[in-house]
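A short write-up of the structure that comes next.
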Amino acid sequence: MKIFNTLSGRKEEFIPLEPGKVKMYVCGPTVYNFIHIGNARPMIVFDTVRRYLEYKGYEVNFVSNFTDVDDKIIKKAMEEGVDSSVISERYIKECKEDMAAMNVRPATVHPKATEEIGGMLDLIKTLVDKGHAYKAEDGTVYFRTSSFKEYGKLSHKNLDDLQSGFRELKVTGEDGKEDPADFVLWKPKKEGEPYWESPWCQGRPGWHIECSAMSRKYLGEQIDIHGGGEDLIFPHHENEIAQSEAASGKEFAKYWMHNGFLNIDNKKMSKSLGNFFTVREIREKFDLQVLRFFMLSAHYRSPLNFSAQLMEASKNGLERIYNGLDKLRELEEKAGQEKLLDSEKAWYQESRELVAKFEAAMEDDFNTADGVAAVFELVKLGNSTADGNSSREYVAALRESLEALCGVLGIETERKIEVLDQEVEAMIAARGQARKEKNFALADEIRQKLLDMGIVLEDTREGVKWKRA
Ligand code: AMP
Ligand code: ZN
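Count along the sequence shown from 1, add 975, and you get the number used in the numbering used here.
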């Protein structure tokens, strides 16, 4: 299996630290709002990587954090006049709901920064003791980049260039730095902000230290795969390497994987540019299986442009797979012949080759685009060769292969009747109209229909409210 490693800039053979096991860490979201579909890309990508590794028989220990202490969370908490944990807990809950709807499995552990301060303090102490970090007059602790000779190795930047680049870009409040390329490990509290005690000052951690500390705690000093979006290569991942390797003296992560951006009109989708759709907004119009399928139709390192047309195309593609599976399931049930027929042997062989083709695509740096193409070929083979005369063995083999490959991609194979918000609203409006016209039989009928779809109505003084049962 080959993985493109950002560290070396090329595809490398994947050899885990320990045979049969994979330790994997992926940087998770900062929880101050609903996640947007750009944030969803690494979730879907690395969930698929994990699924494929498990399909190959590896035991995967997968850790992904929630950044729950951050300027943006604190700002929102102040605006709402609540504690910042109220904001972070709210959006962790919403994020988990979105993940489930995208079929992104929960990680083995989802640590939160605020619950891991002890580990961060330990790591910073080690760095200070070893001379890799120092305290400035105001209590801020900085990482001394010049003490880590390999600084810049991930982003392929040169420390001298970085230093001169940073010199131009003075950050206010960071005047205590020895060197402009140094970065914050711990900073003093500001009025009204959450803070913790530390040997240096009452304060809170910088962003980079949390991933080094959590990765060390839950996976050990060395891990196999570290992932995230490509915007994290510098400075976040570069700094993680400096912190972890300066402290342990060992290579932190063997393979660094980065997904490309999800774009809109060829610009990165981001909160700051305001050109984003939340996963929640997309969910109003599409089953999120469609979003997942859309993401996987491109290779994870390629930029991917989001558009309604491409989503429609993914929806149709998914429908083709579901129709193919429905047909195979029906034929399997009705098959008159048990054992594979001689006339089916060549087709059966072809189906094995398509499974191998899917695997070869995934082994080549998780090329899901080619993997999806192999799935479509399998559907086509089923559509053109399986019929009422087929043996149960043949159609079952096709169905099982399709289900297994969809499972690797995290695509549900049971056709779910996903009830969309707008459908429910339309039916409620129709029921309201029926009641106005005193057609209570029709109104009750609609209510029952909604109930069959798992939607419960409640008539309140403010109007009709509904929820999913
Ligand atoms: P953030 O909450 O901004 O720290 O982002 C969480 C994760 O989403 C990180 O791995 C980012 O690299 C990733 N990410 C953010 N925006 C995009 C985007 N437009 N396309 C792909 N990945 C993104
Ligand atoms: Zn991180």
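Glycine residues also receive a C-beta, built at the ideal position from the N, C-alpha and C atoms. For clarity, every value in this text was computed on a predicted model and none was experimentally measured.
Terminal residues of the alpha helix (DSSP H) in which residue i lies
i, result
"Glu1352", "1343 to 1360"
"Asp1427", "1415 to 1427"
"Trp1175", "First-last for Trp1175: undefined, no H or E at that position."
"Arg1080", "Run containing Arg1080: none; DSSP gives neither H nor E here."
"Lys1440", "No alpha helix (DSSP H) holds Lys1440; the beta strand (DSSP E) holding it covers 1438 to 1443."
"Arg1026", "1012 to 1030"
"Lys1100", "1092 to 1104"
"Ser1219", "1213 to 1223"
"Arg1410", "1396 to 1411"
Between the CA atoms of residue j and residue i - distance to the nearest angstrom
i, j, result
"Glu987", "Met1232", "11 angstroms"
"Ser1453", "Leu1306", "The displayed coordinates of the chain run from 976 to 1444. Any statement about residue 1453 would go beyond what the structure contains."
"Gln1397", "Glu1259", "7 angstroms"
"Glu1220", "Lys1332", "39 angstroms"
"Val1414", "Glu1420", "Looking at the sequence shown, residue 1414 is not Val but Asn. Rounded to whole angstroms, Asn1414 to Glu1420 spans 10 angstroms at the Cα level."
"Glu1319", "Glu1185", "57 angstroms"
"Lys1309", "Pro1081", "38 angstroms"
"Leu1160", "Cys1002", "17 angstroms"
"Ser1455", "Gly1202", "Residue 1455 cannot be examined here, being either before or after the span of the chain that is shown, 976 to 1444."
"Gln1423", "Gly1438", "18 angstroms"
"His1183", "Ala1217", "10 angstroms"
"Leu1263", "Ser1272", "14 angstroms"
"Lys1225", "Asp1317", "58 angstroms"
"Ser1063", "Ile1049", "9 angstroms"
"Asn1298", "Val1399", "25 angstroms"
"Arg1025", "Ala1418", "48 angstroms"
"Ala1335", "Phe989", "14 angstroms"
"Ser1277", "Gly1114", "43 angstroms"
"Arg1179", "Gly1127", "26 angstroms"
"Leu1425", "Val1431", "7 angstroms"
"Gly1311", "Glu1378", "23 angstroms"
"Lys1124", "Lys977", "29 angstroms"
"Gly1363", "Lys1314", "14 angstroms"
"Asp1104", "Asp1046", "28 angstroms"
"Lys1031", "Arg1390", "26 angstroms"
"Cys1303", "Tyr1033", "Inspection of the sequence shows that residue 1303 is occupied by Leu rather than by Cys. One C-alpha to the other measures close to 30 angstroms."
"Leu1353", "Ile1403", "41 angstroms"
"Glu1215", "Ile1208", "10 angstroms"
"Asp1163", "Gln1177", "The question names Asp, but residue 1163 in the sequence shown is Pro. In a straight line, the C-alpha of Pro1163 is about 6 angstroms away from that of Gln1177."
"Tyr1280", "Phe1227", "It should be pointed out that residue 1280 corresponds to Asn in this sequence rather than to Tyr. Looking at the two C-alpha atoms, the distance is approximately 33 angstroms."
Residue i: first and last residue of the uninterrupted beta strand (DSSP E) it sits in
i, result
"Ala1310", "Segment: none, Ala1310 is in no beta strand (DSSP E) and carries neither H nor E."
"Ser1366", "Neither: Ser1366 is in no beta strand (DSSP E) and is coded neither H nor E."
"Val1057", "First-last for Val1057: undefined, no H or E at that position."
"Met1232", "1228 to 1234"
"Gly1249", "Neither: Gly1249 is in no beta strand (DSSP E) and is coded neither H nor E."
"Thr1435", "1430 to 1435"
"Asp1199", "1198 to 1204"
"Phe1118", "1116 to 1118"
"Lys1152", "Run containing Lys1152: none; DSSP gives neither H nor E here."
"Ala1109", "Going by the sequence as given, residue 1109 is Tyr instead of Ala. Per DSSP, Tyr1109 belongs to the beta strand (DSSP E) from 1108 to 1110."
Per DSSP, the bridge partner or partners of residue i
i, result
"Glu993", "Lys996"
"Phe1037", "Met999"
"Pro1180", "Trp1161"
"Lys1087", "Phe1041"
"Leu1237", "Leu1279"
"Thr1005", "Thr1042"
"Arg985", "Asn980"
"Asp1339", "Lys977"
"Lys1242", "Ile1239"
Supposed close pair residue i, residue j - CB separation, criterion 8 angstroms
i, j, result
"Met1270", "Ile1019", "5 angstroms"
"Met1053", "Ile1200", "Contact flag wrong, Cβ pair sits at about 37 angstroms."
"Trp1171", "Ile1092", "5 angstroms"
"Lys1229", "Leu1028", "14 angstroms between Cβ atoms; not a contact."
"Gly1385", "Asn1078", "5 angstroms"
"Val1006", "Tyr1066", "4 angstroms"
"Thr1023", "Thr1343", "6 angstroms"
"Leu1266", "Ile1012", "7 angstroms"
"Ile1010", "Pro1004", "6 angstroms"
"Phe937", "Pro1086", "Residue 937 is absent from the structure shown; the chain starts at 976 and stops at 1444."
"Leu1329", "Leu1356", "7 angstroms"
"Arg938", "Gly1429", "Nothing in the structure corresponds to residue 938, since the chain is present only between 976 and 1444."
"Gly1094", "Ala1188", "4 angstroms"
"Ala1088", "Val1044", "5 angstroms"
Any chain C beta carbon closer than 8 angstroms to residue i
i, result
"His1131", "In summary, chain C is missing from the structure at hand, where a single protein chain is found."
Checklist entry - When the Cβ atoms of the region 1113 to 1129 are set against those of the region 1052 to 1062, are three or more pairs found closer than 8 angstroms? => result Verdict: no, contact absent.
Checklist entry - Does the region 1120 to 1137 touch the region 1184 to 1193, meaning 3 or more C-beta pairs lie closer than 8 angstroms? => result By the C-beta criterion, the region 1184 to 1193 is judged not to be in contact with the region 1120 to 1137, since fewer than 3 inter-stretch pairs fall below 8 angstroms.
Checklist entry - Does the region 1065 to 1082 come close enough to the region 1098 to 1109 to have 3 or more Cβ pairs within less than 8 angstroms? => result Because the criterion of three Cβ pairs below 8 angstroms is not met, the region 1065 to 1082 and the region 1098 to 1109 do not touch.
Next on the checklist: Three Cβ pairs or more, each shorter than 8 angstroms: is that satisfied between the region 1237 to 1255 and the region 1319 to 1337?
Outcome noted: Judged by pairs of C-beta atoms under 8 angstroms, the region 1237 to 1255 does not touch the region 1319 to 1337, as fewer than three such pairs exist.
Checklist entry - Taking contact to mean at least 3 C-beta pairs separated by less than 8 angstroms, is the region 1400 to 1417 in contact with the region 1339 to 1350? => result The count of Cβ pairs closer than 8 angstroms, one atom from the region 1400 to 1417 and one from the region 1339 to 1350, stays below three, leaving the stretches out of contact.
Next on the checklist: Whether or not the region 1029 to 1044 and the region 1146 to 1161 are in contact is what I'm after, with contact meaning three or more pairs of Cβ atoms, one per stretch, closer than 8 angstroms; do they touch?
Outcome noted: Segments in contact, no.
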